[in-house]
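What follows is one structure encoded as structure tokens, with my remarks underneath.
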């Protein structure tokens with residue numbers, strides 16, 4: 119089996135950096151089967167939605183930049199499993215279809231938003247990169263790298279002022295750890311002991327550039343150490359491990375013990391943006407990508423559930439057919455939905471309201 | 004019966020606004036650098052931390068961007084924060100959160116989330132502080148749709164624009180000016196919680212020329228109007244109060260009456276507020292409605308110098324406004 123050369127920088131991530139490892143079914147732990155099946159279904163839904171959106175981009179129906187999260191489903195679903203929404207708040211970035219769906223965001227509204235329709239979650243004003251679902255605590259996803267890291271930190275401050283016991287989450291990628299605001303926010307959260315989860319999905323790439331060309335070390339958890347923030351490095355393609363780590367982080371936040379940094383090591387199957395696999399923009403992933411696909415978070419949970427007897431192979435097929443049908447229906451609804459009215463661009467500018 | 008009033012300076016009126024908000028609205032909190040120090044913000048926040056507690060009056064690490072983003076995040080989660088930047092120059096480190104996040108939040112999510120956050124930027128210039136302790140840059144921010152920008156000139160507005168900005172559901176940049184802190188007035192005891200929605204105000208009525216400004220520039224115009232009166236020139240002064248969204252009806256109607264316009268601004272000329280005022284008036288009045296070409300009194304287009312004689316020439320003054328008006332009316336020209 120082909121294995122990448124593990125440099126000393128890569129070794130900070132241990133075996134997680136080696137895509138030849140970690141293909142085995144996940145350990146199910148002590149979660150009830152129904153919770154595990156719900157996580158499987160949620161990951162399948164994200165995969166189906168991303169594949170469906172990829173097709174809409176290929177056909178030209180979706181024109182807004184779509185950053186697809188296929189391969190990274192376990193990060194979103196594992197963290198979401200630990201949240202109590204809408205009390206707990208979450209924020210995402212450019213690659214956040216999965217975060218939106220994982221916390222419970224409406225599938226039809228996602229597809230409509232991607233097509234710029236009035237029935238979208240942002241009334242057609244945001245597109246793929248601006249998703250929101252306040253009823254599930256998702257207060258916004260934005261594509262300025264790192265921008266929601268301080269925003270989530272402030273939502274955690276609000277939770278503390280409210281005495282709600284809530285926590286907040288910022289989902290971001292390894293590239294965001296190169297932004298100054300990440301460090302400002304980690305320092306602020308640590309100093310004020312704010313209940314925030316900094317969730318770094320380290321997929322080893324920022325746009326076209328591998329982390330080895332951007333940082334002297336493949337692991338971003340060293341920053342947490344520097345800022346005296348509790349941290350864990352987790353297999354981001356093991357949804358149970360992610361959920362377990364997120365639960366520990368949430369408990370820490372609720373108990374008043376401050377922020378946690380979770381580095382979830384994962385890999386994106388599509389390229390930075392759009393439906394291709396990035397071979398066309400000078401990125402050499404052809405050796406790694408097939409290996410990373412063998413660390414598929416969905417297959418690893420499926421196999422574990424079948425082996426445990428919680429699911430029959432036929433159940434897995436039924437689940438997959440069901441989410442595929444949901445996505446097909448959502449695409450059709452989005453196609454038929456109206457575009458925003460001509461006055462929409464001005465209409466949302468100011469609320470005009472005063473408390 | 005006489006309305007109950009308070010005798011306040013501009014600086015203590017700002018403090019009065021904070022105290023009102025913190026007293027009446029439990030969801031309000033204040034965050035920024037220097038809030039536990041007596042000197043960062045003049046007399047505008049004295050001992051608020053002691054009166055209302057350091058949980059709600061929060062001094063911070065030296066992290067403008069994160070603290071501004073945190074204020075936005077708290078606003079999205081239901082609070083009404085005011086983030087204080089003791090100098091506009093340092094606030095520029097937080098521009099992404101102000102311009103690209105808060106100002107766009109309502110639009111880009113189809114109003115699925117309101118961002119009721121106030122950014123307070125203090126203009127603190129002069130005293131040979133130089134290029135990086137002198138900027139106002141309000142025109143930059145007023146350029147951004149979705150960001151309300153208010154510039155109090157009067158003692159009442161120092162309090163009421165702060166109060167109404169904080170109670171408004173939109174993000175607001177509140178710019179106050181240290182050169183106004185000693186201004187004194189008797190103001191109503193009860194704040195006007197809708198001040199931000201009331202638009203420009205004619206603070207001096209006049210017939211010969213319209214002077215327009217915001218913040219300290221508006222105060223200069225008022226003082227110039229007093230001097231011009233002694234010369235027999237009747238100047239009308241419009242205090243804009245809010246520069247985004249910019250409401251120009253009052254100004255246009257005034258110039259229609261006076262036929263002359265002098266725009267006064269404490270910022271640079273190119274792409275600035277004074278130019279915007281002139282353009283808006285000229286666009287909306289019929290040809291021939293003005294009897295003199297419009298004029299601007301602005302900062303020299305250069306970074307602020309430190310050396311005393313250079314600094315003395317650099318900033319707009321009452322004398323410069325008076326000179327512009329004299330040129331506008333024409334020396335020796337009889338006034339109606």
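Residue numbers (this note's numbering), protein chains in the order written: chain A, 119 to 473; chain B, 4 to 339.
Heads up, the beta-carbon is just placed ideally off N, CA and C, and yes, glycines get one too.
As the structure is a computational prediction, the values presented were derived from the model and not from experiment.
- Burial state of residue 457 (chain A) is exposed, judged by a 10 Å Cβ sphere holding fewer than 16 other Cβ atoms.
- For a Cβ distance threshold of 8 Å, residue set 467 of chain A lies close to residue 148 (chain B), ordered along the chain.
- Contact annotation: residue 291 (chain A) and residue 166 (chain A) have beta-carbon atoms that are not nearer than 8 Å.
- Between the segment 154–170 of chain B and the segment 226–241 of chain B, the count of Cβ pairs shorter than 8 Å is below three; the stretches do not touch.
- With respect to residue 163 (chain A), residue 428 (chain A) sits apart: the two C-beta atoms are not nearer than 8 Å.
- With contacts defined by Cβ atoms closer than 8 Å, residue 121 (chain B) and residue 175 (chain B) form a contacting pair.
- Here the C-alpha atom of residue 129 (chain B) lies approximately 11 Å from the C-alpha atom of residue 316 (chain B).
- Of all residues in the segment 104–115 of chain B, the ones placed with a Cβ closer than 8 Å to any Cβ belonging to chain A are 104, 108, 109, 110, 111, 112, 113, 114, 115, in chain order.
- With 16 or more other Cβ atoms from the protein chains shown falling within 10 Å of its own Cβ, residue 387 (chain A) counts as buried.
- Of the other Cβ atoms in all chains shown, 16 or more fall within 10 Å of the Cβ of residue 268 (chain A); this residue is therefore buried.
- Flagged as an interface residue toward chain A: residue 32 (chain B), by a C-beta distance shorter than 8 Å.
- If you draw a straight line from the Cα of residue 258 (chain A) to the Cα of residue 250 (chain A), it is about 5 Å long.
- Shortest Cα-Cα distance from residue 280 (chain A) to any of A:313, A:228, A:142 involves A:313.
- By the CB criterion at 8 Å, residue 421 (chain A) and residue 158 (chain A) fall outside the cutoff.
- The straight-line gap separating the alpha-carbon atoms of residue 13 (chain B) and residue 304 (chain A) is approximately 37 Å.
- Relative to residue 177 (chain A), the option among A:270, A:325, A:392 whose CA is nearest is A:392.
- For residue 252 (chain A), the residues of chain B that pass the 7 Å Cβ criterion are 115, 116, in the order they occur in the chain.
- Bounds of the beta strand (DSSP E) holding residue 153 (chain B) are 151–153.
- For residue 88 (chain B), the secondary structure class from DSSP, reduced to helix, strand or coil, is strand.
- By the neighbour-count definition (other C-beta atoms within 10 Å, threshold 16), residue 332 (chain B) is a buried residue.
- Beta-bridge annotation (DSSP): residue 349 (chain A) is paired with A:379.
- Residue 70 (chain B) belongs to the set of residues whose beta carbon lies under 8 Å from a beta carbon in chain A.
- Proximity of residue 100 (chain B) to chain A, defined by a Cβ-Cβ separation below 8 Å, is satisfied.
- Under the Cβ criterion of 8 Å, residue 270 (chain A) is counted among the residues facing chain B.
- Residue 254 (chain A) and residue 216 (chain A) do not touch by the CB rule: their CB atoms are close to 13 Å apart, not below 8 Å.
- For the pair residue 464 (chain A) and residue 146 (chain B), the Cα-to-Cα distance works out to about 15 Å.
- Annotated as distal: residue 216 (chain B) and residue 252 (chain B), with beta-carbon spacing of 8 Å or more.
- Approximately 4 Å separates the beta-carbon atoms of residue 288 (chain A) and residue 270 (chain A); this is inside 8 Å, confirming the contact.
- By the CB criterion at 8 Å, residue 355 (chain A) and residue 418 (chain A) fall inside the cutoff.
- Between the alpha carbons of residue 39 (chain B) and residue 55 (chain B) lies a distance of about 12 Å.
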